[in-house]
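Worksheet: one structure, shown below.
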Amino acid sequence: MNADTLVALILIPMGIILMLCGLLVYNGRFRHYRTGLNIVMSGEPALATTYLGAAFILMPLTQFAMDGGLNALVTMFLILLMFIAGILGVLGSFWMPPFLQPQWIRDEKRAARRRRMEEAARQASGGGR
1 MNADTLVALI LIPMGIILML CGLLVYNGRF RHYRTGLNIV MSGEPALATT
51 YLGAAFILMP LTQFAMDGGL NALVTMFLIL LMFIAGILGV LGSFWMPPFL
101 QPQWIRDEKR AARRRRMEEA ARQASGGGR
């Protein structure tokens, strides 16, 4: 067994696990996972695991495509997908663009913003005592 195969046997299952967890967060099923991870970083690391998982899966696949002499266009497409997924994964850990967030998270943030504004208005009018 060569080194590339060993790396693939580690990265692909790890990427699948990360990607599945991220997809379950997007679905709204792993909300507790999101709560636990979002304490650690400022963005949406629970959602970013989807893209990091995809990047981990694509790393060995891209290497196999380059080593196997696959069509250059296909190889370049895999490299581009891998870098985009990696960048979105790292960026999403610190700041997830709103258009990449599911609707339930946007609604949750809107409701929290509305509560803060109502509380600030109550404090300003002197009714907060």
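Position one of the sequence shown corresponds to residue 1 (the working numbering), numbered consecutively onward.
All residues carry an ideal CB built from backbone N, CA and C; glycine is no exception.
Q.
Just to confirm before moving on: does the CB-CB distance between G89 and Y51 stay below 9 Å?
A. yes
- Integer-rounded CB distance, given that F99 should sit under 8 Å from G43: At roughly 14 Å, the Cβ-Cβ gap does not stay under 8 Å, so G43 and F99 are not in contact.
Return the first residue and the last residue of the alpha helix (DSSP H) that R29 is part of. R29 -> no alpha helix (DSSP H), and no H or E assigned at all.
(message) Output needed for W104: all residues of its chain with C-beta closer than 7 Å, excluding positions within five of it in sequence on either side, in chain order.
(response) G28
Q) Measuring CB to CB, does V7 end up less than 9 Å from P60? A) yes
Q. Can you tell me where the alpha helix (DSSP H) with P102 in it begins and where it stops?
A. From DSSP, P102 is part of no alpha helix (DSSP H); its letter is neither H nor E.
- In terms of residue numbering, what span does the alpha helix (DSSP H) encompassing M66 cover? P45 to D67
Worksheet item: Between the Cα of I16 and the Cα atoms of A48, M1, T5 and F56, which residue gives the shortest distance?
Response: Comparing Cα-Cα distances from I16 to each of A48, M1, T5 and F56, the minimum goes to F56.
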